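Trainee: Would you mind keeping the following structure in view while I ask a few things?
Chains as they are written, first to last, in this note's numbering: chain A, 1 to 275; chain B, 1001 to 1345.
Right under this line is the structure:
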C-alpha cells in the first residue's frame, strides 16, 4: 500500500461505510438468518410451501410488479410534463409529487380504502358503471402501491430529463426523423437507465409496503393477503421461527430480483456507451 | 439561387432579433454569416433550417418555398456548435441515423446504408473509429462525425452553427482548411455562422456581415476588406485606426497625407496602410510608445496629443525586417504618412 491515492480519505470513508452497513443492514439481517437456523430444512420447506404462504408471495410480488410497471409509465409522463412544459401551478404540482413520501402510509391506506370500497365515492362509481371492484381486491393493493411509489419514478427520471441535451432532438429532426422517431430512438434510450432505477425503487418499495396496503387489501387469505401481513400474523401467534423463515425467503427473492434489475441496467448502460 | 430569403423578421418578446432580411446565395457557395454576438446570425441560420420560425418572410431552398415546412422535411444538414451527437449510439449508428429513419418506401437496404456510412466516415478520415461512442472522441473528431452525419442525408444545403467555436486554436486551424477542401470536393451550398472575422475571411467564398439584426454588407472576403460599406464593417473586419475630422485637426490630416473629402467626417486607416520614419525635426508631436511581435509582423503603438488635449493612439503594422531597418526606440519622435484611407460619414 505504498502507492498513494489521488482521492484522499479512502480509509476513513471506507471504514465508515463498512461500519454503517454492518450496524444498520448486515447485523439485523444476519440475525434473521441465524434465527431461521433454529428450523431444520424440512420444517423450513414445509412453512414456505404452505399454500397460503405461496399465495401471499404471489400476491406480494405480483402486485408490486404491476404497480411498478404502471407507476413507471405514469411517473415518466409526470416527469416529462414537469420538465418540458411551463404552466401555472407547476410549483404546486412539484410539491404535491413528494407528498406520498411524507404522508404516513397508513393514512394513505385509510383514505384510499374509504374512496375505493364498494360504497365509497369512486368505488360506487366503478361498481355501477364498469362493474369493477378495486377495494378489498388485489387491484386495490396495486392502487395503493402506485400511490406510494410514483414519486420514486418521478424523482429519478426528472433530473435526467432536465439535463437531456435538446440539441440532440433538433439534430435528429434535421436528419428527417419524425417526432415519434425522435422520442423512441433518441429521448427514450437516454432516459431508460434512469427509468429502470425508478422502476427498481418502486418495486422494492412495493414488495415491502405494509401500512397503506392492509387497509385497502381486504386481507383475504389466498386472494389479497400480502407477505408482510403474514409475517405479522405469525409473530402475533408467537411463531417466531415461521415468521423468520418467510422473511428470509422474501429477503432472498427481493435481493435476487434487484440484482437482476441491476444487471439489466448495467447491460443497458454498456450497450449505450454510458460505461 | 440555392437559397433565397425574402423579408425575414423575427422578434423574441420585445427584442427584434432580425429586421427584414433579404439574402440570395448562389449554388455551391461557402458563405460565412459574420457578426458580433447577439447580432442575430445564429437565429437566421436556425430559421433557414426550420428550427426556429420567422415572424414573417419567405424561405426558398433551390427554388422551392420551404417557409412552412418542418425541419425534418426541408432537406437540410445542420451541424451544431457542441456537435449534438447521439450519446447512446456508436459513431457508425450516428452517421447511419438519417438513412435509417427514412420512410420504408425510400429507405436504402441495411447493406447500402453500411456502405454509404463507411464511405462518409472515410471522407472525414475517421472510419477506424466507427464502433466508438461519442464520449470517447476528441472535440475535433466529434465535429467531423457531426459533419458526416449531416452529409448522410444528402442535404441541398449544409448549415453550420459556429462549427469550430468549441475547439481549441490549433484544431480549429486544421479544421478550417479541411472544411474548405471538403467543400471544394462536394460543392454543396453551405452557410456557417462565426463571430471570428479571420475564420470568415479564411474559409468562406462569400461573407455576409450582420449587425443588430440587419445585413451590413455581402461580398467576397476581398471586397469586404478592401471596400467596407460602412464604419461598422470596416471596424469589424480587421484592425483599423479611426481619425475624426474636426476644425483643429485639418492641418495635421493634410500633413500626414489624409486626403480630406467634402462630405465625410471619419477616416478609417488600416495599420498596414501607414508608413513611419524617424523624425528629423524634434518638435513632431508623435511618439513611439511601444511595439509587439506578431510573428512576421510588428505592431507599433504611437501616441499623439490632439489639439483638443486628448491623447490619440495609432497602430501601425509592418514586416519585421522593415522595422529593424528603421532602428527606432521607445520614446523616439516619428513622422507619419498615410497611404490609403476609407472615409465614412
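Even for Gly, the Cβ is constructed at its ideal location relative to N, Cα and C.
Since the structure is predicted, the reported quantities are computational estimates derived from the model, not experimental observations.
So is residue 1118 of chain B in contact with chain A if we call contact Cβ pairs under 7 Å?
Mentor: Not one chain A Cβ lies under 7 Å of residue 1118 of chain B.
Trainee: Decide if residue 1149 of chain B is buried, meaning its Cβ has at least 16 other Cβ atoms within 10 Å, or exposed.
Mentor: Buried, since its Cβ has 16 or more Cβ neighbours within 10 Å.
Trainee: Are at least three pairs of beta-carbons, each pair with one atom in the region 141-150 of chain A and one in the region 188-208 of chain A, less than 8 Å apart?
Mentor: Result yes; three or more Cβ-Cβ pairs closer than 8 Å.
Trainee: Just list the residues that DSSP pairs residue 1342 of chain B with in beta bridges.
Mentor: BP columns for residue 1342 of chain B point to B/1268.
Trainee: List the residues of chain A whose Cβ lies closer than 9 Å to the Cβ of residue 1077 of chain B, in chain order.
Mentor: By Cβ distance, chain A contributes 174 and 175.
Trainee: By DSSP, does residue 1257 of chain B sit in helix, in strand, or in coil?
Mentor: Reduced to three states, the DSSP call for residue 1257 of chain B is coil.
Trainee: Whose C-alpha, out of A/172, A/41, A/160 and A/113, is nearest the C-alpha of residue 137 of chain A?
Mentor: For residue 137 of chain A, the nearest C-alpha among the options comes from A/113.
Trainee: With a cut-off of 7 Å, does the C-beta of residue 194 of chain A fall near any C-beta of chain B?
Mentor: So no, residue 194 of chain A is outside the interface.
Trainee: Going straight from the alpha carbon of residue 218 of chain A to that of residue 77 of chain A, what length do you get?
Mentor: Roughly 31 Å between the two C-alpha positions.
Trainee: In the structure shown, what three-state DSSP assignment does residue 1231 of chain B receive?
Mentor: Here residue 1231 of chain B sits in helix by DSSP.
Trainee: How far does the alpha helix (DSSP H) with residue 80 of chain A in it extend, from its first residue to its last?
Mentor: From DSSP, the alpha helix (DSSP H) with residue 80 of chain A extends over 51-84.
Trainee: According to DSSP, is residue 1189 of chain B helix, strand or coil?
Mentor: Three-state result, residue 1189 of chain B: strand.
Trainee: Once you ignore the five residues that flank residue 1249 of chain B on each side, which residues in its own chain have a CB closer than 8 Å to its CB?
Mentor: Here the set comprises 1243, 1306 and 1307.
Trainee: Do residue 68 of chain A and residue 212 of chain A have their C-beta atoms within less than 7 Å of each other?
Mentor: No, the Cβ-Cβ distance between residue 68 of chain A and residue 212 of chain A is not below 7 Å.
Trainee: What residues are listed by DSSP as bridge partners for residue 1130 of chain B?
Mentor: Note: residue 1130 of chain B sits in no beta bridge, so no partner.
Trainee: Should residue 38 of chain A be flagged as near chain B, meaning a C-beta pair shorter than 7 Å?
Mentor: So, not an interface residue.
Trainee: What is the residue span of the alpha helix (DSSP H) that residue 257 of chain A lies within?
Mentor: 240-271 is the extent of the alpha helix (DSSP H) around residue 257 of chain A.
Trainee: Based on DSSP bridge pairs, tell me the residues matched to residue 1161 of chain B.
Mentor: Answer is B/1193, bridged to residue 1161 of chain B.
Trainee: Counting along the chain, where does the alpha helix (DSSP H) carrying residue 43 of chain A start and finish?
Mentor: Looking at the DSSP string, the run of the alpha helix (DSSP H) that includes residue 43 of chain A is 41-48.
Trainee: Which residues in chain B have a C-beta closer than 7 Å to the C-beta of residue 186 of chain A? List them in chain order.
Mentor: What residue 186 of chain A touches in chain B: 1086.
Trainee: So is residue 273 of chain A in contact with chain B if we call contact Cβ pairs under 7 Å?
Mentor: Yes, its Cβ sits closer than 7 Å to a Cβ of chain B.
Trainee: Spatial neighbours of residue 258 of chain A within its chain, please: CB distance less than 7 Å, with the 5 preceding and 5 following residues excluded, ordered by chain position.
Mentor: These residues qualify, in order along the chain: 200 and 204.
Trainee: Please classify residue 1046 of chain B as buried or exposed, where buried requires at least 16 neighbouring CB atoms within 10 angstroms.
Mentor: The residue is buried, with at least 16 neighbouring Cβ atoms inside 10 Å.
Trainee: Could you pull out every residue in the same chain whose Cβ sits closer than 6 Å to the Cβ of residue 99 of chain A, ignoring the five residues on either side in sequence?
Mentor: So no residue of the chain qualifies.
Trainee: Who are residue 139 of chain A's beta bridge partners in DSSP?
Mentor: None, per the DSSP bridge assignment.
Trainee: For residue 1025 of chain B, list the residues DSSP reports as bridge partners.
Mentor: The partner list for residue 1025 of chain B (beta bridge, DSSP) reads B/1003.
Trainee: Counting only Cβ pairs nearer than 7 Å, list the residues of chain A close to residue 1135 of chain B.
Mentor: Correct list: 273.
Trainee: For the putative contact between residue 1145 of chain B and residue 1095 of chain B, defined by C-beta atoms under 8 Å, what is the C-beta separation to the nearest angstrom?
Mentor: The Cβ separation is near 7 Å, so the contact holds.
Trainee: Could you name the residues of chain B that residue 167 of chain A contacts, counting a contact when the two beta carbons are closer than 9 Å?
Mentor: Within chain B, the residues near residue 167 of chain A are 1080, 1081, 1082, 1083 and 1084.
Trainee: Which bits of chain B does residue 178 of chain A rub up against, with CB to CB less than 7 Å?
Mentor: Correct list: 1072.
Trainee: Measure from the C-beta of residue 1153 of chain B to each C-beta in chain A and report whether the shortest distance is under 7 Å.
Mentor: Yes, residue 1153 of chain B counts as interfacial toward chain A.
Trainee: Do we get a CB-CB distance below 7 Å when we pair residue 1 of chain A with the residues of chain B?
Mentor: With a pLDDT of 48 at residue 1 of chain A, under the threshold of 50, the modelled position of that residue is not reliable, and the figure given next carries that caveat. Output row for residue 1 of chain A: interface = no.
Trainee: Assuming residue 1193 of chain B and residue 1161 of chain B make a contact with CB atoms under 8 Å, what is their CB distance in whole Å?
Mentor: Sure, about 5 Å apart at Cβ, within 8 Å.
Trainee: Could you tell me whether any Cβ in chain A is nearer than 7 Å to the Cβ of residue 1060 of chain B?
Mentor: Not closer than 7 Å to any Cβ of chain A, the Cβ of residue 1060 of chain B fails to qualify, so no.
Trainee: Please classify residue 175 of chain A: does DSSP put it in a helix, a strand, or coil?
Mentor: In this structure, residue 175 of chain A counts as coil in the three-state DSSP scheme.
Trainee: Return no unless some Cβ of chain B is closer than 7 Å to the Cβ of residue 225 of chain A.
Mentor: For residue 225 of chain A, the answer is no, since every Cβ of chain B falls outside 7 Å of its Cβ.
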